[in-house]
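Chains as they are written, first to last, in numbering that gives the first Met the number 0: chain A, 0 to 90; chain H, 0 to 148. Ideal Cβ positions, reconstructed from N, Cα and C, are used throughout, including at glycine. Contents: one structure, followed by commentary.
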Amino acid sequence: MAKISIPTPLRRFTDNERQLVTQGSTVQEAIQELADQYPDLKPHLLNDEGQLKPFIRIYIGDEDIKALQNEDTPVDDETIINLIPAIAGGQ
Amino acid sequence: MAIAIEFEALQVMKEDAIDAYPDECCGFLYGDEKDLRTITLARPVHNAKEGDKRRRFEIAASDYMDAEQFAADEGLSLLGVYHSHPDHPAIPSIHDLRQAMPFFSYIILSVKKGKVVDLRSWQLSGDGRFEEEALEKDLNTKILELLNS
Chain A
0 MAKISIPTPL
10 RRFTDNERQL
20 VTQGSTVQEA
30 IQELADQYPD
40 LKPHLLNDEG
50 QLKPFIRIYI
60 GDEDIKALQN
70 EDTPVDDETI
80 INLIPAIAGG
90 Q
Chain H
0 MAIAIEFEAL
10 QVMKEDAIDA
20 YPDECCGFLY
30 GDEKDLRTIT
40 LARPVHNAKE
50 GDKRRRFEIA
60 ASDYMDAEQF
70 AADEGLSLLG
80 VYHSHPDHPA
90 IPSIHDLRQA
100 MPFFSYIILS
110 VKKGKVVDLR
120 SWQLSGDGRF
130 EEEALEKDLN
140 TKILELLNS
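So this is what it looks like as structure tokens:
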């Protein structure tokens, strides 16, 4: 079980909820559960193969899951999963 | 969608764009959506892009998390992002589109030879294109005053 913080631009897909509780025991399970619960959110998080989109970064607290065990990173009741849109661009 | 931008926020964006030139500047936009989406505050952030910042910008994940926290602490909504296009028009590029999020306003300032010459706001449409946001009726006047000041 972990909490997932929803970034502002995606809250319209979660009934304006800022934080949701999931039952998953890994980041992957938690994200998949979130996507299943809110189907309109799914295309903004996962591609057709169910993999995380490259422009969404996931942090556990202040740490990028790339520095942990990626999507297999275990989560528990104390974990807060932060979904962070990659903000970038240019001319 | 229509958008209003308070003069102080316009001023912050203009100064940031000029200070950063010839690099791109970037920052977050805050405000409310009671009747009309209104940008009341613009806060510059570090352009974290490695390499050539004259054509690209990037905001660090830690700065994004800080921006969400700031909005929550201040009772504001995080409404979007601004950045500059040095010596290019205030029109989104393919790089802007590729990483755009729904809901956010994307304000672009065109800077030519160190002077801000245009400011336009864009939002991602439901079919994945950028649509220009209509400016509140007095905003064009405010922008012209600012650009000429």
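Three-way DSSP call (helix, strand, coil) for residue i in this model
i        : result
H/His45  : coil
A/Leu9   : helix
H/Asn147 : helix
A/Pro42  : helix
H/Tyr105 : strand
H/Ala19  : helix
H/Val11  : helix
A/Asn15  : coil
Residue i, buried or exposed, once every other Cβ within 10 Å from all chains shown has been counted against 16
i        : result
H/Met0   : exposed
A/Asn81  : buried
H/Phe6   : exposed
H/Lys136 : exposed
H/Ser124 : exposed
H/Ile58  : buried
A/Gln90  : buried
H/Ser76  : buried
A/Asp47  : exposed
H/Gly74  : exposed
H/Thr140 : exposed
7 Å Cβ cutoff, residue i in contact with chain A
i        : result
H/Arg54  : yes
H/Ser92  : yes
H/Val80  : yes
H/Gln10  : no
H/Tyr20  : no
H/Ile58  : yes
H/Glu23  : yes
H/Gln98  : yes
H/His45  : no
H/Phe103 : yes
H/Tyr29  : no
H/Leu118 : no
H/Leu35  : no
H/Leu77  : yes
H/Asp51  : no
CB contact check: residue i to chain H, cutoff 7 Å
i       : result
A/Pro84 : yes
A/Ala87 : yes
A/Thr7  : yes
A/Gln18 : no
A/Gln90 : yes
Cβ-Cβ separation, residue j to residue i (assumed contact under 8 Å), whole Å
i        : j       : result
A/Leu33  : A/Leu19 : 6 Å
H/Leu28  : H/Leu78 : 5 Å
H/Met100 : A/Pro84 : 5 Å
H/Asp31  : H/Arg53 : With 8 Å as the limit, H/Asp31 and H/Arg53 do not qualify as a contact, their Cβ atoms being about 34 Å apart.
Best match in the options for proximity to residue i [C-alpha to C-alpha]
i        : options                               : result
A/Lys41  : A/Val26, A/Thr25, A/Pro8, A/Phe12     : A/Phe12
H/Leu118 : H/Glu32, H/Gly125, H/Tyr81            : H/Tyr81
A/Val54  : H/Glu73, H/Val115, H/Gln98, H/Leu40   : The amino acid occupying residue 54 of chain A in the given sequence is Phe; Val does not appear at that position. The candidate whose alpha carbon is nearest that of A/Phe54 is H/Gln98.
A/Thr72  : A/Tyr58, A/Pro84, A/Ile83, A/Ala85    : A/Tyr58
H/Ser109 : H/Glu57, H/His84, H/Leu35, H/His94    : H/His84
A/Arg17  : A/Pro6, A/Leu67, A/Ser24, A/Val26     : A/Pro6
A/His43  : H/Phe102, H/Pro91, H/Glu23            : H/Phe102
A/Lys65  : A/Lys2, A/Asn46, A/Val26              : A/Val26
H/Ala41  : H/Ser104, H/Leu143, H/Lys111, H/Ser61 : H/Ser104
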